[in-house]
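All remarks here apply to the structure that follows.
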Amino acid sequence: MRATSSVIVGRDAEIRLLDEALESVKRGAGRALFLVGEAGIGKSRLAGESALRAYERDMPVLRGRATSTGLVVPFRPLVEALSSRFRAAGAPDDPELQPYRPALAGLVPEWRSGTVAPGYAISLVELAEALLRLLAVLGRERGCVILLEDLHDSDTETIAVVEYVVDNVAELPVLLVGTLRPDPGPALDLALAAELRNTAYLRELGPLDEAAVRDMAAACLDVGPGEVPPAAHRHLAQWAAGNPYLVEVLLADLLDTGRLSRADGGWQLAEHGGAAVPTGAVRSWARRLDRLDEPVRELLLVAATLGGRFSVGALRAVTGLDDRALFAHLRSASEVGIIAPDGAAHDHYAFRHALTADALRASLPPAEQAALARRAASAIKESAGELSGDQRQLVATLQLAAGDMVAASRQFAEVGRQMLDAGASGSAAVLLERARSLATDAERDEMTVQLAIAQAESGRLDEAATLLDDLPPAPAGSRAAEERAQAHTQVAWVATMGEQQEEAHRRIRAARTLLGAAPRPEQEAALAVVEGHLALLPEQDGGGRGHGPVGRGDDDGRERLAAAERSARSAALTAEQRGRPVVACQAWQLLAMLSRERGFDEADACLERMLAVAEQHRLAVYRTEALVRLGTNAFMRTGEATRLETARTAAHELGSLTLLQTVDGFLAMQSVLAGRWDRAREVVERLVEASARLQNLSTHRYLLLVDATLAAHQGRARDQERALVRFRRAGGEESMLVPLQRGLCQAVGALMGEDRERAKAELDAALAWEREHPSFFYLSGRYGLGPLLRILDGEDAGREAYREALASPGGQLAWNRMFLGMADAVQRGRDGDAAGAQRAVEQAGRAAAVFPQAWHLALRLTAEAALADSWGEPVAWLRTAEEYFHEAGVPTVAGACRAVLRQAGVSVPQRRGGRERIPAELRTAGVTPREYEVFVLLAERPGNQQIAQSLCISPRTVEKHMASLMLKTGSADRAALCALSARCAADPH
């Protein structure tokens, strides 16, 4: 007989905390809550209660549970949580989630589109960010809840994703509830650390007091608390120790044995003396098993041996039952409340509580447990043919229970290698560590090498180094030495990508020692590529601090880069010949960076070779990397973004959020230079925080610089400085971006404020930096804007700077050709060649077709020289520039244009800025001309997308204008604002 409580007792404080969290989430303020307690203490009941209360508020709920079988299954709770929500509804189709679909498909393979490129392992951070965006979209209207149970049984990848969500959920309408036992491990470490950081609440669930035990018994018996026999209450209080699960188990035992029964209209307990009282769940479950039919009892013991969750297929293989008998017995076990179908998988069942399986196994003598485990392992191996990863882990677990440690070790190691190949390095490390602890001395070293690689790729370089350093010596050139050398090389690559130079050099030295004096060419190639990338990193002092980016301007630094280039070229050719395509792609990518200083043709040739190798060998990641770099070079040369858009499509199909952010950063800068400022702002607002969460530091810095450059080009000096403060805090002034910061951002910003001397000082600072640190950026002003300003000011060094820029690869870029063309025009005009000067202006204008802001700035700068030397059409240029900067909202430059026109004796009309069109009431409220344009359209109640299309701005910009309008007009909501717009349209006064 089942005895379950229909209500939760003794947890009023926890329920209040859940209610507060749900209300907070409904207001858009996210929460994370961890419920910690022993098995059976009531964690799942509270999780279920939070789901019910979320449903009452019409909130979406996603619910998943870690496996209690001991199997390492990456992301299982997250997969189950997403499946619980979307199995019937299908994949979410919100446009905001489009970039994240490939990453989410890593959790739900059914969401993977046919166009997704194979071969890319979604990083943990990318997957975590994708999950965070999905939760934010689900909770956009009313908030949403994600429940993750039994996190103590979770894999390391799930724990990492949960930590990411916990740390970033505060500003999102999302409640994360996690349950776990207080067992030492990653889950408890996460919960305690999150509580310490004030990013999560942690509530420890203690045992129920005696009053709560009585209330729970009353709820199970469906009577009032006073109707529970005192003897039954004492029995439950004594033996359950306040554990709700044990209260139910012991109460069911009393009912099943007839000791607790109804008599004379109430419940009575028959006293049997102390010896007959069960001492715990094990004895209670043993007696319950004795009362079941023999086939059902045998089936449950086999199921318990397979774990707290088991598949019908495995149960069939071990029991040998046909489907009719098997499902009849499963129904019988379900009806008595011992097991239930697993909602996450149609062919799985689970015990209603993890303790149940433990108690059933413990009811057997140890020898019988081992024999049953041995039989189960053999049956599964024979029936499965080729074992899947989950089956292999189950077999290993059963072999371990049967006492066969060597066989279990080999099975765990094989699954670990498979997971490492699939990119699940954290789970691979767990399994390989388990295998290593069980292995024989003869096999332990090989497993240690594989474990070291897994630890390195999961970010634990120190553990990887210790494992490799502790290995016993191996003869140079032996098979064991070569395997270890390859591991050292892989760990060196990981260290290099993490800019841990000292560790990378240490691993390279170890690899070379193991390979001896004459490594094979492909081994030398792999090492040369790592050493080449190391040559690009800043030199570090003993504390790991950098002394400046990418090499040195002195002879030693240049020779270091030249040697790296020679080695990389040899490595690329060798790797292609020896069938090492990954090493070849890495080498060609390195060569493209090193050769760009000599020009884009050579760099593009290296990238085209990299692209060809990647496509030949179906290396999706390196194919996309090549397309991104080719697109960037094309943008630099022409100012067009066509190839960058192609690269963006490839990055999206690949599923790489980091690459997608990188491309979007380049596209945002292209939008700044092309004067599409709303688009640039939309990208920055969408990605600047997301890139920080993804730990995509280089792109995060670049986006912060884009933000500052956008403000500079619009003449918003205060916003520019605020953005630069964030750029500096992110380490921007210790990066390769300094020339762009000084030249493209701060120098242009100074010109937008009509401060030419400060602009030249910024350009001088950029030039000094580049002379000290060889740079691969050509938009710093050195090859265009700088020579023009010097020539305009009549400096002697101006013509030399012009000739140097014209002869360099940087002088061939469209942005720089425009400024150099105007510099040529000024020189020709001063030399009396008016026709030549005019032709130079026209040629510069063709180069400037995609750079409206820079072109009008060049016209404004050049017009004064043209007026002074009587050539060209300076009045027309100034009028054009004045009109452009007035419409762009850059009053300082527009005013300067008007001032020069007046000095030239030209009549200039007064500008009003469009504010005269705004009704007085709205003007007094502070409504801007752009906000008024949005306001006028609201009379017809259009959507944000329609408004954005009408005004050629982004939907996010519309949202900002809407929020500002509601605040300034005092409108309670969008409907009220639309009604006000309609009234103003009907009565403009």
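So the sequence shown is residues 434 to 1422, counted in this note's numbering.
Where a beta carbon is used, it is the ideal one built from N, C-alpha and C, also for glycine.
Quiz item: Counting pairs of beta carbons, one from the segment 632 to 651 and one from the segment 670 to 677, are three or more of them closer than 8 Å?
Solution: yes
Quiz item: So what does Phe743 bridge to, in DSSP terms?
Solution: Tyr782
Quiz prompt | Inter-residue CB distance, Ser1003 and Val505 (contact presumed, cutoff 8 Å) | solution = In fact, because the Cβ distance is near 42 Å, the residues do not count as touching under 8 Å.
Quiz item: Is the segment 1399 to 1411 touching the segment 1369 to 1378, taking contact as three or more C-beta pairs under 8 Å?
Solution: yes
Self-check item: Reduced DSSP secondary structure (H/G/I, E/B, other) of Phe467
Solution: strand
Exercise. May I ask you to report which of helix, strand or coil DSSP gives Arg1428?
Key: The shown model of the chain, from 434 to 1422, leaves out residue 1428, and the question about it has no answer.
Quiz prompt | From Leu1027, Arg1062, Arg1051, residue whose alpha carbon lies closest to that of Glu1041 | solution = Arg1062
Quiz prompt | Supposed contact pair Val962 and Val1016 - C-beta distance, whole angstroms, cut 8 Å | solution = 6 Å
Quiz item: Which residue comes first and which comes last in the alpha helix (DSSP H) that contains Leu947?
Solution: 934 to 948
Exercise. Give the single residue among Val1158, Thr1057, Pro493 whose Cα lies nearest to the Cα of Thr1082.
Key: Thr1057
Exercise. Evaluate the contact criterion for the segment 769 to 782 versus the segment 745 to 757: three or more CB pairs, one atom per stretch, below 8 Å.
Key: yes
Quiz prompt | Option in Ala872, Glu819, Gln851 with minimal Cα separation from Gly836 | solution = Ala872
Self-check item: Member of Leu739, Ala1353, Leu754 whose CA lies at the smallest distance from the CA of Pro728
Solution: Leu754
Practice problem: Can you tell me which of Leu725, Ala792, Leu739, Gly741 puts its alpha carbon nearest to the alpha carbon of His762? | Solution: Leu725
Quiz prompt | Anticipated Cβ contact below 8 Å, Ala810 with Val828, distance rounded | solution = 5 Å
Practice problem: Assuming Asn1377 and Val1391 form a contact by the criterion Cβ under 8 Å, report the distance between their Cβ atoms to the nearest whole angstrom. | Solution: 4 Å
Practice problem: Could you tell me which residues DSSP puts in a beta bridge with Thr612? | Solution: Leu468
Quiz prompt | Beta-bridge pairing of Glu637 - partner residues as DSSP gives them | solution = Val469
Self-check item: Sequence-distant residues of its chain with Cβ nearer than 8 Å to Glu637 (five each side left out)
Solution: Val469, Gly470, Pro615
Practice problem: Work out the CA separation of Leu739 and Lys814 for me, nearest whole Å. | Solution: 14 Å
Exercise. Would you mind working out which of Arg1029, Leu833, Asp1264 sits nearest Arg1070, comparing C-alpha positions?
Key: Arg1029
Self-check item: Beta-carbon proximity of Ala997 to Gly1032, cut-off 8 Å
Solution: no
Quiz item: Cα separation between Val848 and Gln1094?
Solution: 33 Å
Quiz prompt | Limits of the unbroken beta strand (DSSP E) element including Val494 | solution = 494 to 498
Quiz prompt | Whole-Å CB distance - Arg1134 paired with Ser1168, under 8 Å assumed | solution = 6 Å
Practice problem: Take Ala1198 and list the residues in its own chain whose beta-carbon comes closer than 8 Å to its own, dropping the five residues that flank it on each side. | Solution: Arg1175
Quiz item: Can you list, in chain order, the residues of its chain whose CB lies under 6 Å from that of Arg518, leaving out five sequence neighbours each side?
Solution: Leu495
Practice problem: With a cut-off of 8 Å on the beta carbons, I'd call Gln1103 and Phe1068 a contact; round off their distance for me. | Solution: 5 Å
Exercise. Write down every uninterrupted run of the alpha helix (DSSP H) in the segment 770 to 834 whose length is 4 residues or greater and which is fully enclosed by it, in chain order.
Key: 787 to 795, 799 to 817, 822 to 834
Exercise. Please state whether DSSP places Gly699 in a helix, a strand or coil.
Key: strand
Quiz item: Ordered along the chain, which non-local residues of its own chain (more than five positions away) have a Cβ less than 7 Å from that of Arg1159?
Solution: Leu1137
Quiz item: Hey, out of Ala674, Thr922, Ala650, Arg794, whose CA is closest to Pro663's CA?
Solution: Ala650
Quiz prompt | At least three beta-carbon pairs within less than 8 Å, the segment 460 to 467 to the segment 618 to 634 | solution = yes
Quiz item: In or out: Glu456 buried (at least 16 other Cβ within 10 Å) or exposed?
Solution: exposed
Quiz prompt | Backbone secondary structure at Glu1187 - three-state DSSP | solution = coil
Exercise. Rounded to whole angstroms, what's the CA-CA distance from Pro954 to Thr946? Just pull it up for me.
Key: 16 Å
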